[in-house]
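Structure first, commentary second.
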Amino acid sequence: MLDATVDGFAELQAALDKLAAAVKPSGALGEAVKHTTKRLYDHALLITHVDTGTLQTAHRWQYLEDGEGPRGVVFVEGGLVNPKSHQPVARYAGIEEARGGDHAFYARTIAEVGDDAANEGISVVLEALP
């Protein structure tokens, strides 16, 4: 017969509980997604060309929890109307992005800060781990 004592079981269980909490959408994983999405949104706002400010004002970000898990979305809310051209933002936002170069606010955002934003999000999760 083997008689053994396991030391540290309570600490192991506490670490496993902390790990489980961290990877839930309501835990560090969700916070990481929110942080990363907001970082990308902030940069898109910063680099969007401004004439009337309507396009810049139309940027939105949203945190979602659905069957795909937690995710963040940065998008242009198309209902706003440019006071100068009287065109809905939805009509010209894609055209502006497709012009490329300095006009491509979302492509530039990913290229300029995408990796940093992702690494910051990863850090949020890692800091929550045991």
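Start counting the sequence shown at 23; every next residue gets the next number (this note's numbering). Glycine included, each C-beta is placed from N, C-alpha and C at the ideal position.
For residue i, count the other beta carbons within 10 Å of its own beta carbon; 16 or more makes it buried, fewer makes it exposed. Which is it?
i	result
Leu-43	With the sequence shown as reference, residue 43 is identified as Ala, and Leu is not the correct amino acid for it. Flag for Ala-43 reads exposed.
Arg-121	exposed
Leu-24	exposed
Leu-62	buried
His-108	exposed
Tyr-65	The sequence given here places His at residue 65; Tyr does not occur at that position. His-65 is buried by the Cβ-count criterion.
Pro-92	buried
Leu-51	buried
Ala-36	exposed
Ala-115	buried
Gly-75	exposed
By the DSSP assignment, the beta strand (DSSP E) with residue i in it spans what residues?
i	result
Val-95	91 to 98
Gln-84	81 to 88
Sort out for me which residues DSSP pairs residue i with in a bridge.
i	result
Asp-138	In DSSP, Asp-138 forms no bridge with anything.
Pro-110	Val-103
Assuming residue i and residue j are in contact, meaning their beta carbons sit under 8 Å apart, how far apart are those beta carbons, in whole angstroms?
i	j	result
Arg-82	Glu-99	5 Å
Between which two residues does the alpha helix (DSSP H) holding residue i run?
i	result
Asp-39	31 to 44
His-57	50 to 69
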